[in-house]
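The sequence shown begins at 1 in the UniProt record's numbering and counts up by one.
I have placed the structure first, in the form of structure tokens, so that the comments after it can refer back to it.
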Amino acid sequence: MASDQEEDNFLGFSDDEGDGTNSDSDYDDDEATQSLAQNAESEVNAHHIGDFEHNQQLPDLNEVGQEDAHECEVGPQHTSGISDNHSVPFLFDLNMSVQQEFPPSPIYQTETEQNHHKPRTPRINNELRLEILLFLLLRKEKHSDELIHGTNRQAVIKFGYTRKTIRLIWQRALAHKAAMDSYFYDSKYHNCGRKRIQVTYESIASIGMGDRTTIIDLARMLNLSPTTLWRMVKRKQIKPHSSPLNPGISEECKMARMKWVLGLLMNYSIPNDPTYYSMYDFIHIDEKWFYLTQKSQRVYLANNEPFPHRKGKSRTKIPKFMFMAAVARPRWGQDGQCEWDGKLGIFPFTDEVAAKRTSKNRVKGTIETKPIKSVNQIATRAILINYLIPTIKEKWPPHEGEKVIYIIQDNAKAHILQNDQEWQQHYKQDGFTLILTQQPANSPDCNILDLGFFRSIQSLMHKKMPKTVEDLSGAVTEAYNDLHAKTLSNVWMSLQYVGNEILKHKGDNNYQLPHNKKKILEDEGNLPEQVKAPRWAVNECKQLVDEWRANR
1 MASDQEEDNF LGFSDDEGDG TNSDSDYDDD EATQSLAQNA ESEVNAHHIG DFEHNQQLPD
61 LNEVGQEDAH ECEVGPQHTS GISDNHSVPF LFDLNMSVQQ EFPPSPIYQT ETEQNHHKPR
121 TPRINNELRL EILLFLLLRK EKHSDELIHG TNRQAVIKFG YTRKTIRLIW QRALAHKAAM
181 DSYFYDSKYH NCGRKRIQVT YESIASIGMG DRTTIIDLAR MLNLSPTTLW RMVKRKQIKP
241 HSSPLNPGIS EECKMARMKW VLGLLMNYSI PNDPTYYSMY DFIHIDEKWF YLTQKSQRVY
301 LANNEPFPHR KGKSRTKIPK FMFMAAVARP RWGQDGQCEW DGKLGIFPFT DEVAAKRTSK
361 NRVKGTIETK PIKSVNQIAT RAILINYLIP TIKEKWPPHE GEKVIYIIQD NAKAHILQND
421 QEWQQHYKQD GFTLILTQQP ANSPDCNILD LGFFRSIQSL MHKKMPKTVE DLSGAVTEAY
481 NDLHAKTLSN VWMSLQYVGN EILKHKGDNN YQLPHNKKKI LEDEGNLPEQ VKAPRWAVNE
541 CKQLVDEWRA NR
């Protein structure tokens with residue numbers, strides 16, 4: 001049978017037994033049997049046996065009876081044909097206990113016993129390859145390309161790589177020298193593996209904007225999978241972009257924007273080193289609607305936490321307040337501490353009125369806060385005179401002599417001008433001279449509040465989730481006060497960089513808001529207080545403005 005034949009072969013028997021001739025396999029079996037017996041004798045030690053003394057004769061393991069052979073799982077059908085001249089090489093020592101004889105299972109071996117192989121040498125990188133070459137060059141014969149005897153061995157000991165690796169690096173250097181080329185130590189490991197799919201600029205630019213609003217649409221147009229396209233976005237081969245709707249800019253508006261930015265530059269610095277004013281005497285004011293809540297609010301919930309249920313009378317008529325905010329540039333000391341945060345205040349356009357009738361919420365005559373229905377010049381003038389001027393006199397840093405402050409506002413119809421009769425009676429008080437100035441039309445990027453400060457306040461306000469109109473006013477004021485002065489200072493820095501973009505684009509607004517790594521510059525101590533404008537852009541804009549004035 002096949003199983004019997006395999007077992008006979010395993011025990012060292014041959015099918016040639018009994019034929020009276022000795023084949024090559026017989027001689028091999030005899031030699032194997034003798035070698036096994038010699039190894040068995042050499043491996044038997046006194047500490048392995050335990051019960052036998054030194055040099056005591058050991059029993060012959062081959063003289064075991066037939067019944068012992070049955071116990072050793074050697075059946076009678078296999079032992080019947082064994083001659084007296086052959087010895088049976090048992091698979092284990094009968095003098096050993098079973099627990100000591102059989103090795104433990106690999107499942108119960110420790111990690112050190114299983115990982116007995118030599119750890120794999122890490123792949124050599126380009127820097128280490130160059131370091132090995134420099135090591136070999138320092139140990140080269142003076143007038144030949146041969147290395148000093150023992151250099152390869154020293155490199156193997158120092159760097160831990162084989163002689164073949166060291167020799168290949170040296171031979172590669174010699175080949176470059178023979179070809180009169182510089183040594184190129186970069187490897188070709190980056191060429192292995194599956195090649196990435198390449199997408200050209202023309203293949204994407206030729207697709208209409210409406211057909212690439214999502215990754216799935218763009219992948220379908222490029223005949224790629226969405227996952228492949230998503231990986232390209234992660235590698236920044238394709239960049240997502242949210243296109244805002246910018247206000248239209250006419251030619252007159254472009255000229256006004258250029259003149260406005262040129263007016264922010266110090267006159268004596270033009271044209272050699274154009275630099276912006278420090279802007280410590282500027283105050284920016286603007287109005288904004290703040291809504292009681294958003295139509296959609298995103299939050300994160302715990303597992304099995306009930307969904308929050310928000311409701312209101314109308315999704316289109318959410319209660320809202322209009323606020324006027326006023327900010328100046330913060331002051332920082334020599335040690336980096338904030339001396340003044342630049343926050344003058346945020347004032348709501350509201351009225352305190354008494355309730356006309358009793359309801360379930362309040363009784364008649366209760367004072368309630370109501371938003372002003374129409375924000376016009378009367379309401380704006382009242383905020384400036386009754387709230388802003390007293391706040392400036394109270395919070396402005398100490399100064400000597402007359403202080404001229406420019407209050408910059410947009411061109412809304414509700415704003416008053418400097419020649420307003422009632423304003424003329426209050427713009428000079430206690431050493432302060434307040435001058436109202438209008439920024440260019442259709443230029444929200446020229447105002448500190450529209451440039452980024454209002455958005456920061458709004459995000460903080462919605463975190464508080466006010467429930468009533470009274471809570472809304474308090475939440476906006478609290479968010480305004482909680483905003484860090486460094487955020488406001490960064491927006492003032494961004495205003496100067498925006499001015500550079502306006503000059504570069506000749507007054508147009510077709511540019512992306514610049515990100516100049518202000519945090520990194522501040523950590524390195526290189527953040528400038530006054531930004532410099534590009535000289536070529538200043539000269540070109542001055543020439544355009546002069547030509548425009550001459551043509552008019």
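Just so it is clear, CB atoms sit at the ideal spot from N, CA and C, and this is done for glycine as well.
Every value quoted in this text rests on a predicted model; they were computed, and no experiment measured them.
With the cut-off set at 8 Å, would you say I318 and L292 are in Cβ contact? Counting from 1 along the sequence shown, the entry for residue 318 is found at position 318. Counting from 1 along the sequence shown, the entry for residue 292 is found at position 292. Yes. Within cutoff.
Comparing C-alpha positions only, which one of E470, W170, L503 sits nearest to L133? For the purposes of this step, residue 133 is taken as the residue at position 133 of the sequence shown. Considering only alpha carbons, the answer is W170.
Where does E146 sit, in a helix, a strand or coil, going by DSSP? Taking the sequence shown and counting its residues from 1, the one referred to as residue 146 is at position 146. Secondary structure of E146 (DSSP, three-state): coil.
For M322, which of helix, strand or coil comes out of DSSP? On the sequence shown, residue 322 is found 322 positions in, with the first residue counted as 1. M322: strand per DSSP, three-state reduction.
Counted within 10 angstroms of its Cβ, other Cβ atoms place I346 as buried (16 or more) or exposed: For this step, residue 346 is matched to residue 346 along the sequence shown. So I346 counts as buried.
Spell out a yes or no on whether the segment 381-401 and the segment 425-436 are touching, meaning 3 or more CB-CB pairs, one atom from each, closer than 8 Å. Judged by Cβ distances under 8 Å, the segment 381-401 makes contact with the segment 425-436, as three or more pairs qualify.
Are the CB atoms of I285 and Q409 nearer to each other than 8 Å? As a working note, residue 285 is residue 285 in the sequence shown. As a working note, residue 409 is residue 409 in the sequence shown. It is a contact, given that the beta carbons lie within the stated cut-off.
Excluding five sequence neighbours on each side, which residues of the same chain lie with their C-beta closer than 7 Å to the C-beta of M461? Mapped onto the sequence shown, residue 461 falls at position 461. So the list reads F290, A475, V476, A479, once near-sequence residues are dropped.
If you draw a straight line from the alpha carbon of R549 to that of P274, how long is it in whole angstroms? Residue mapping note: residue 549 aligns to position 549 of the sequence shown, counting from 1. Residue mapping note: residue 274 aligns to position 274 of the sequence shown, counting from 1. Each residue's alpha carbon lies about 22 Å from the other.
Within its chain, find whatever has a CB closer than 6 Å to the CB of T200; leave out the 5 residues flanking it on each side and keep chain order. Numbered from 1 along the sequence shown, position 200 holds the residue referred to as residue 200. Apart from sequence neighbours up to five positions away, no residue of its chain approaches T200 with a beta-carbon distance below 6 Å.
Once DSSP output is grouped into helix, strand and coil, what is the label at V545? By 1-based counting over the sequence shown, the position of residue 545 is 545. Note: V545 maps to helix in three-state DSSP.
At what residues does the beta strand (DSSP E) containing F307 begin and finish? Counted from its first residue, the sequence shown places residue 307 at position 307. Element bounds for F307: n/a, residue is neither H nor E.
Quick one: Cα of P390 to Cα of L344, how far? If you number the sequence shown from 1, residue 390 lands on position 390. If you number the sequence shown from 1, residue 344 lands on position 344. Spanning the two alpha carbons is a distance of roughly 10 Å.
What does Q429 pair with, by DSSP beta-bridge criteria? One-based indexing of the sequence shown puts residue 429 at position 429. In DSSP, Q429 forms a bridge with F432.
Which term fits C446, buried or exposed, when burial requires 16 or more other beta carbons within 10 angstroms of its beta carbon? Counted from its first residue, the sequence shown places residue 446 at position 446. With 16 or more other Cβ atoms inside 10 Å of its own Cβ, C446 counts as buried.
When you compare the segment 493-511 with the segment 247-266, are there three or more beta-carbon pairs, one atom per stretch, that lie closer than 8 Å? As far as the Cβ criterion goes, the segment 493-511 touches the segment 247-266, which means the pair count is three or higher.
Along the chain, where does the beta strand (DSSP E) that runs through Y406 open and close? For the purposes of this step, residue 406 is taken as the residue at position 406 of the sequence shown. Taken as a continuous stretch (DSSP letters only), the beta strand (DSSP E) holding Y406 covers 403-409.
As a quick exercise: from S242, K295, A485, pick the residue whose alpha carbon is nearest that of S314. The residue given as residue 314 occupies position 314 in the sequence shown. S314 has its Cα closest to that of K295, out of S242, K295, A485.
What residue range is occupied by the uninterrupted alpha helix (DSSP H) comprising K254? Position 254 of the sequence shown, counting from 1, holds the residue named residue 254. Residues 251-263.
With A326 and L388 assumed to form a contact (beta carbons below 8 Å), what rounded beta-carbon distance in angstroms separates them? Taking the first residue of the sequence shown as position 1, residue 326 is located at position 326. Taking the first residue of the sequence shown as position 1, residue 388 is located at position 388. So it is a contact: roughly 6 Å between Cβ atoms.
With 16 other CB atoms within 10 Å as the buried threshold, where does N490 fall? Taking the first residue of the sequence shown as position 1, residue 490 is located at position 490. Buried, because 16 or more other Cβ atoms sit within 10 Å of the Cβ of N490.
Straight-line gap, L174 to R231 (C-alpha atoms, nearest Å): As a position in the sequence shown, residue 174 is number 174, starting the count at 1. As a position in the sequence shown, residue 231 is number 231, starting the count at 1. The straight-line gap from Cα to Cα measures roughly 41 Å.
For K467 and T366, what's the separation of their Cα atoms in angstroms? Looking up residue 467 in the sequence shown gives position 467. Looking up residue 366 in the sequence shown gives position 366. Each residue's alpha carbon lies about 19 Å from the other.
Given a cut-off of 8 Å on the beta-carbon distance, is the pair L130 and R139 in contact? Here the question's residue 130 lines up with position 130 in the sequence shown. Here the question's residue 139 lines up with position 139 in the sequence shown. Their beta carbons are not under 8 Å apart, which means L130 does not touch R139 by this criterion.
Euclidean distance between Cα positions of R120 and R194: By 1-based counting over the sequence shown, the position of residue 120 is 120. By 1-based counting over the sequence shown, the position of residue 194 is 194. Going from the Cα of R120 to the Cα of R194 covers about 24 Å.
Which residues in the same chain have their Cβ closer than 8 Å to the Cβ of E368, if we skip the five residues on either side of it in sequence? Position 368 of the sequence shown, counted from the start, is the residue given in the question as residue 368. If we look at E368 and ignore the five residues flanking it on each side, its Cβ neighbours are E352, V353, A354, A355, R362.
Range of the contiguous alpha helix (DSSP H) that encloses E478: The residue given as residue 478 occupies position 478 in the sequence shown. Segment 469-482, the alpha helix (DSSP H) holding E478.
Using 8 Å as the threshold, is the C-beta distance between L265 and V538 below it? Along the sequence shown, one-based indexing puts residue 265 at 265. Along the sequence shown, one-based indexing puts residue 538 at 538. Contact flag set, yes.
Let me check one thing: in DSSP terms, what residues is T228 bridge-paired to? For the purposes of this step, residue 228 is taken as residue 228 along the sequence shown, with counting starting at 1. Note: T228 sits in no beta bridge, so no partner.
Pair within 8 Å by beta-carbon distance, P397 and R331: The residue you call residue 397 lines up with position 397 of the sequence shown. The residue you call residue 331 lines up with position 331 of the sequence shown. Taking 8 Å as the Cβ cut-off, P397 and R331 qualify as a contacting pair.
Are at least three pairs of beta-carbons, each pair with one atom in the segment 442-456 and one in the segment 489-503, less than 8 Å apart? yes
So the beta strand (DSSP E) H284 belongs to, where does it begin and stop? The count along the sequence shown starts at 1 and reaches residue 284 at position 284. Unbroken beta strand (DSSP E) run through H284: 282-291.
Burial state of M180, where buried means 16 or more other Cβ atoms lie within 10 Å: For the purposes of this step, residue 180 is taken as the residue at position 180 of the sequence shown. So M180 counts as exposed.
Between the C-alpha atoms of E529 and K464, what's the straight-line distance to the nearest angstrom? In the sequence shown, residue 529 corresponds to position 529, counting from 1. In the sequence shown, residue 464 corresponds to position 464, counting from 1. E529 and K464: Cα-Cα distance of roughly 34 Å.
Classify I389 as helix, strand or coil using the three-state DSSP reduction. The sequence position of residue 389 within the sequence shown is 389, counting from 1. Here I389 sits in helix by DSSP.
Euclidean distance between Cα positions of Y427 and E540: Against the sequence shown, residue 427 aligns to sequence position 427. Against the sequence shown, residue 540 aligns to sequence position 540. If you take the alpha carbons of Y427 and E540, they lie about 37 Å apart.
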